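Engineer: I am attaching a structure below and will ask some questions about it afterwards.
Here is the structure:
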């Protein structure tokens with residue numbers, strides 16, 4: 037059993053705060069995900085995700101505000117359009133598309149955040165290490 | 170391994186113990202020693218751990234290192250940057266390092282508090298610090314933008330909280346727009362008869378404040394109005410307000426009351442009378458209404474429904490009735506906004522086992538408030554739904570829709586005291602038997618518990634148990650014709666059935682039904698229960714995450730009158746302190762276009778949520794208007810040649826941060842494999 | 002023609018034969034095709050759960066596994082018995098909610114060469130299917146002999162609206178779905194306050210005193226307070242408790258109630274013009290003959306109505322609450 | 097073929113007096129076919145008008161319009177080239193105010209050669225030849241039918257032949273950036289051969305082609321290693337059409353979907369959680 | 438040392454290891470029971486149609502679970518009086534799966550042999566014996582057998598016989614056991630494996 041290495045890109049206003057909320061409630065979840073704070077999930081370009089895989093990440097998460105609740109009004113709409121396409125590209129390239137995970141977590145949803153992290157870590161653990169696959 | 174040639178910087182790393190909050194789980198000494206050694210090649214020249222980094226001593230430690238060791242970059246690993254980023258940015262600035270050359274990483278909320286395994290938590294802290302160190306070398310000094318503050322203030326909601334806030338600001342000499350959706354200000358407090366625990370008359374203490382707000386030279390009162398749109402940012406909001414047509418010419422109306430006397434159409438008043446009484450189709454909600462002008466309820470007015478009537482018009486002595494009046498759209502400029510939009514009562518019909526809406530003699534707390542009010546539908550008499558019979562026994566049920574995951578999980582805070590007040594009023598007005606059904610008695614305010622003791626002394630029956638059901642199905646002749654309250658008396662451990670004539674449900678407080686929409690309009694956020702979220706639950710209770718927007722009173726969470734008034738005044742003080750500063754700093758992290766590489770494809774322009782990017786026709790390039798840019802970076806995510814970048818969140822910075830974390834994780838793997 | 006997977010349950014073959022016959026008759030009339038699960042087994046009622054958890058759920062899940070295997074396009078399992086319905090729904094729900102538990106149950110099923118994917122099937126009660134898939138309009142269209150004049154107490158019981166995993170009912174305590182259906186048949190439906198009170202469950206077997214009191218409450222309220230002619234049940238166990246034990250209850254309390262307890266499908270059948278005997282009439286303990294004879298002759302007997310409520314000039318009542326679930330569709334296919 | 101050639105020549109002859117020039121293919125010295133600007137000054141050159149092999153003419157249009165923004169031009173374009181011109185127009189690469197499109201409909205043989213899905217023009221007012229049905233690249237179905245490891249192995253093998261000549265990017269009429277992310281070490285492992293797996297070069301390029309690739313197959317034509325890279329672009333294009341109802345080059349004023357807010361019903365198509 | 442335990446017992450304290458009782462009940466209940474969330478409000482006890490006949494209300498049972506009073510809980514008739522009406526479950530403000538917890542307590546009582554009045558558990562046992570051997574239940578045989586085992590029940594119910602006869606005559610029910618299902622062998626294997634898993 038290996039320890040999957042996961043990078044989570046979280047928007048500053050909802051998801052990062054959701055992670056803080058989970059912390060304040062002392063909810064426990066696996067330590068695999070390392071969080072990178074960005075202003076908005078719309079900031080995440082496909083190139084950044086691909087670069088993260090290139091560094092050997094086993095999974096990448098992009099979490100933003102719920103559609104309709106974006107701090108930047110509609111920044112996350114672009115995320116909702118870009119990331120599914122990137123997932124398709126992963127699929128067509130023979131890379132498990134579930135290695136890229138997109139979801140919406142609000143500042144109040146500490147419990148959801150913890151669940152999302154638990155589930156995704158579990159899901160990635162079930163896959164072989166990314167670098168192994170690519171050998 | 171770095172994305173481009175790594176800049177040579179002198180970095181200091183500071184690991185906070187946060188007492189035992191972090192140090193109890195993360196081996197902070199080990200982490201700082203590791204950072205000093207393993208991250209030396211990345212530019213770390215000093216790494217320390219300290220009990221409380223945010224304390225003045227902790228800050229001084231950083232400032233001293235900056236000066237003595239010539240640090241050019243600072244990383245603090247502590248709590249959430251949402252808490253202390255401003256603290257450390259300020260410390261850096263004091264010591265001469267640009268605040269944007271500081272980076273904070275969160276090893277408390279996102280590590281020590283959520284990780285069980287101490288070794289894993291320590292490893293995670295290292296990875297997060299390596300990420301921050303990776304990033305910080307690429308950070309660039311930024312200059313903050315300053316904008317002047319418009320001294321005008323918008324207060325939304327004319328309940329006791331909004332009135333208090335508006336008066337405080339107006340008295341200081343600043344101008345306030347007070348917007349209220351109902352025809353009169355006064356809010357819920359105007360509906361009550363007595364207030365706990367002093368039992369003084371609600372109207373007697375509220376009316377003078379309402380009058381002051383209505384006649385203040387610095388207050389523009391906009392009732393029967395709603396905010397439609399909010400644009401701009403702190404210091405410079407542009408607010409669009411819809412002033413709904415009253416169908417009354419305010420310049421002619423004297424508030425004499427002939428129109429509502431003569432109006433033949435009587436309708437149930439679901440708002441002020443809580444559905445327990447009637448009003449006319451042209452009405453003021455209550456006699457002391459401010460302003461004094463009535464409104465015509467278009468949906469129920471016979472003239473609008475059938476085309477004839479106009480009784481009000483015929484009798485109006487000043488010709489103030491204007492059936493063709495239109496809504497007005499006003500645009501006002503303000504620098505700060507206070508939201509005091511209050512609460513809704515929990516809809517007790519949602520609990521089928523309590524029978525409200527089905528069993529006539531089950532009443533809600535607000536109905537009971539109106540019933541006990543001398544100006545209410547029963548002129549203050551406590552009677553059954555038939556309007557005449559006085560109940561001989563009354564059950565008062567606490568926690569209706571509160572402390573219940575099926576409805577609202579939180580404690581509504583005010584119901585215990587309100588219920589005790591009801592018990593007193595029942596005793597006073599009917600002399601009948603009173604039963605209080607409670608789960609836990611919560612009376613933490615000043616002289617509140619004394620009030621509780623007084624009510625016990627007055628002879629109220631206290632039964633500890635959450636009522637299971639209220640039924641009119643008798644099992645025994647003694648129960649016939651009564652409402653039976655079925656409950657487990659938890660102190661006895663037995664099921665009891667208590668027949669009464671009347672039941673009062675102390676319904677909980679809920680966020681306004683449209684709280685989410687309002688929050689979105691003002692750019693703030695709601696908790697899972699739809700209450701507005703304050704900036705910090707303890708240390709910043711009336712500010713929000715959106716600069717220039719404040720919340721006060723029950724829109725932020727259940728509150729009684731004293732707490733609401735205190736918050737109204739607190740929000741006013743916060744606003745006045747900002748106005749006093751004259752200008753304010755705004756976010757410096759905006760997008761910028763590299764004209765040399767921009768190909769002018771306009772994709773960024775289409776993707777900007779704020780229309781902040783212009784197309785320069787002469788150059789064929791994009792251009793970011795800084796004052797409009799909010800710094801989301803959506804354009805950066807779009808741009809194919811990466812000609813546009815977001816200050817403080819550049820690709821170099823994010824990639825370096827990611828690599829820092831990945832490299833550290835990989836190094837642990839190698840060590841473990843070996 | 003709508004296709005469903007059918008789980009009849011043990012009672013339908015024995016004590017509730019009348020239910021089985023009337024279900025078949027009604028479904029034929031409404032073009033509902035019920036494909037019985039081949040070789041289904043008992044759901045274990047509440048008894049197996051009382052003794053051993055894992056085997057009890059494995060027993061239930063065997064039926065779901067068979068249904069999943071045999072399902073031919075349809076993803077809906079229909080059960081006419083509330084207890085069977087709840088057990089099947091519960092097994093599906095917990096296997097879905099608690100992944101480890103679901104895995105264990107599947108490990109047990111694997112010993113018999115079976116597997117069930119939690120969430121794959123929608124478990125529904127026949128009443129739900131009739132109301133939400135077929136619809137009241139289609140039911141009304143089939144009525145040739147309206148039940149005008151028959152005062153009916155609608156009795157839903159416990160296990161249909163509670164815990165209601167799928168949110169199919171308007172209310173867990175006061176659902177009006179059965180009322181709507183009976184009203185569509187032309188019956189005079191009373192606003193029965195105990196429509197979801199307990200019938201006594203297995204207490205008739207193990208603690209009769211408790212059970213008799215619960216039966217008495219139901220029967221006496223329907224008979225004395227609301228003057229109902231018949232009571233309508235949607236579950237074989239409810240029907241049996243109230244019907245077969247009514248006599249003993251009378252003996253226990255020294256009362257003399259004669260409240261016929263019928264299945265909702267029996268009344269549907271009558272309204273659709275089917276022959277009473279084919280609908281299983283005559284097999285009840287408390288004879289329904291007298292009550293039914295009232296609508297057998299075309300002139301409806303003047304009901305002993307409660308005096309018309311005269312509205313005194315009292316205080317207004319709050320309007321009824323509109324349930325969110327009533328504005329949306331109730332029918333939910335599995336896998337959504 | 098000769099029919100189409102002569103009717104194209106007639107069409108150009110007719111329009112030539114009204115414009116400054118017409119961009120079309122010409123068989124030059126040595127038999128090399130290349131884009132050429134025919135002008136009324138040299139009408140005789142039209143004898144050298146050519147149809148095939150196709151060359152990326154949208155780029156020629158851009159070069160001329162950049163130098164002479166006010167020039168009045170006509171251009172002979174096939175379906176794919178027309179879509180390419182529309183995309184470049186959308187991205188403000190030139191104005192089409194003074195440009196006349198002459199649509200050249202491909203014949204069956206050409207369609208087979210390109211495996212083109214839409215071998216006809218839709219915007220051009222003047223057209224030559226009869227439109228024929230497009231075909232679906234059979235490789236698309238083949239890739240789709242592969243399992244995940246098979247796909248991975250397939251592309252690993254294909255991309256192992258890549259010599260990073262950047263030919264595919266250079267020939268692409270939609271790659272008009274001044275600088276290119278594919279030359280940035282941040283995104284692509286520059287200067288490494290054979291390519292690491294997965295190939296960042298080809299993945300980033302495929303992402304950039306989202307909502308841009310018009311299916312002209314110039315990249316595959318030009319690739320010295322015969323890598324069928326356009327299959328990925330076409331597969332993604334199909335998804336983008338399904339999710340956001342967008343097809344590059346099909347509608348003149350429709351913006352690429354990933355720039356815009358979600359429209360009613362689009363979110364449901366993305367497969368993202370609720 | 439033993440003396441000390443006696444002192445503790447006298448003081449009404451239970452041995453510390455029994456503080457795991459609550460957790461044990463939680464673990465043995467299907468799904469997420471939330472049993473540790475009880476706020477002692479009494480909604481369950483007030484709602485219970487059989488509450489009047491219980492030794493302890495369900496609320497009291499939750500308090501006893503917390504206190505680790507294993508024997509008192511498992512000897513109580515409370516779970517056996519539960520009629521599975523689910524009123525408590527849907528009304529519970531903490532969303533505790535009370536009905537399911539009652540099933541768990543019955544399981545534990547039977548397994549530990551602490552059942553005081555075996556009427557109910559024997560009924561369940563008789564019921565499932567049919568199911569385990571035939572795959573189907575058998576109402577009439579069940580009632581008959583159950584009354585044979587518990588003759589005092591039959592004494593309490595002199596009207597039981599006419600009812601059983603009614604079942605045969607009115608409903609045309611068969612007095613013979615049900616037909617065995619075809620997959621009985623498979624079912625037995627499934628149940629055997631399930632029992633092993635339960636024990637694990």
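Chains as they are written, first to last, in our numbering: chain A, 37 to 171; chain B, 170 to 843; chain C, 2 to 337; chain D, 97 to 370; chain E, 438 to 637. Idealized CB from N, CA, C, for every residue including glycine. In this text, all values refer to a predicted model and were calculated from it rather than measured experimentally.
(1) Counting contacts by CB-CB distance shorter than 8 Å, is residue 522 of chain E in contact with chain C?
(2) What residues from chain G crowd round residue 476 of chain E, counting only those whose CB sits closer than 9 Å?
(3) Closest Cβ-Cβ distance between residue 87 of chain A and chain D: below 8 Å?
(4) DSSP state of residue 776 of chain B, grouped into three classes?
(5) Would you kindly check if the distance between the Cβ of residue 443 of chain B and the Cβ of residue 470 of chain B is under 8 Å?
(6) Please tell me whether residue 254 of chain B has its Cβ less than 8 Å away from any Cβ of chain E.
(7) Using a beta-carbon distance below 8 Å, is residue 437 of chain B in contact with chain C?
(8) Is any beta-carbon of chain B found at less than 8 Å from that of residue 318 of chain C?
(9) Check the C-beta distance from residue 324 of chain D over to residue 235 of chain D and give it rounded, since I have them as a contact under 8 Å.
(10) Starting from the N-terminal side, write out each stretch of the alpha helix (DSSP H) that is 4 residues or longer and does not extend beyond the stretch 699-764 of chain B.
(11) If we define contact as Cβ-Cβ less than 8 Å, is residue 368 of chain D a contact residue for chain B?
(12) Mind checking residue 534 of chain E: buried by the 16 CB within 10 Å criterion, or exposed?
(13) Is there a Cβ of chain E sitting closer than 8 Å to that of residue 173 of chain C, yes or no?
(14) Cα-Cα, which of D:256, D:150, D:255 and D:120 is closest to residue 196 of chain D?
(15) Considering only residues of the same chain and omitting the five flanking positions on each side of residue 147 of chain C, which have a CB-CB separation below 6 Å?
(16) Compare the beta carbon distance of residue 93 of chain A and residue 831 of chain B with 8 Å and say whether it is the shorter of the two.
(17) With three or more C-beta pairs closer than 8 Å as the rule, is the stretch 281-300 of chain B touching the stretch 230-240 of chain B?
(18) Run the CB neighbour count on residue 261 of chain D, radius 10 Å, all protein chains shown included, and call it buried at 16 or more, exposed below.
(19) What's the gap between the Cα of residue 520 of chain E and the Cα of residue 203 of chain C?
(20) The beta strand (DSSP E) spanning residue 36 of chain C covers which residue range?
(21) Which of the three DSSP states is assigned to residue 380 of chain B in this structure?
(22) For residue 503 of chain E, which residues of its own chain have a beta-carbon under 7 Å away from its beta-carbon, when the five flanking residues on both sides are left out?
(23) At what residues does the beta strand (DSSP E) containing residue 216 of chain B begin and finish?
(24) Listed from N- to C-terminal order along the chain, which residues in the stretch 347-368 of chain D have their beta-carbon within a distance smaller than 9 Å of any beta-carbon of chain B?
(25) How would you write the range of the beta strand (DSSP E) that residue 653 of chain B sits in, first residue to last?
(26) Would residue 119 of chain C and residue 136 of chain C qualify as a contact pair, given that the criterion is a beta-carbon distance under 8 Å?
(27) Note down, in chain order, all residues in the stretch 174-187 of chain C with a beta-carbon under 8 Å from any beta-carbon belonging to chain B.
(28) Starting from residue 123 of chain C, follow its DSSP beta bridges and name the residues at the other end.
(29) Hey, is the stretch 186-205 of chain B in contact with the stretch 311-320 of chain B, meaning 3+ C-beta pairs nearer than 8 Å?
(30) Does any residue of chain E have a CB that is nearer than 8 Å to the CB of residue 662 of chain B?
Structural biologist: So, from the data block:
(1) So, interface residue.
(2) Note that chain G does not occur in the displayed structure, where the protein chains are A, B, C, D and E.
(3) yes
(4) helix
(5) Going by C-beta atoms, residue 470 of chain B is not nearer than 8 Å to residue 443 of chain B.
(6) So, not an interface residue.
(7) yes
(8) Closer than 8 Å to some Cβ of chain B, the Cβ of residue 318 of chain C qualifies, so yes.
(9) 6 Å
(10) 730-750
(11) no
(12) buried
(13) yes
(14) Of the candidates D:256, D:150, D:255 and D:120, the one whose C-alpha sits nearest the C-alpha of residue 196 of chain D is D:120.
(15) 187
(16) Yes. Within cutoff.
(17) no
(18) Exposed, because fewer than 16 other Cβ atoms sit within 10 Å of the Cβ of residue 261 of chain D.
(19) 7 Å
(20) 33-37
(21) Helix, per DSSP.
(22) 459
(23) Taken as a continuous stretch (DSSP letters only), the beta strand (DSSP E) holding residue 216 of chain B covers 213-219.
(24) Cβ proximity to chain B below 9 Å picks out 351, 352, 354, 355, 356 and 357 from the stretch 347-368 of chain D.
(25) 652-658
(26) Residue 119 of chain C places its beta carbon 8 Å or farther from that of residue 136 of chain C.
(27) 174 and 175
(28) Assignment of beta-bridge partners to residue 123 of chain C by DSSP yields C:77.
(29) No, they do not touch.
(30) yes
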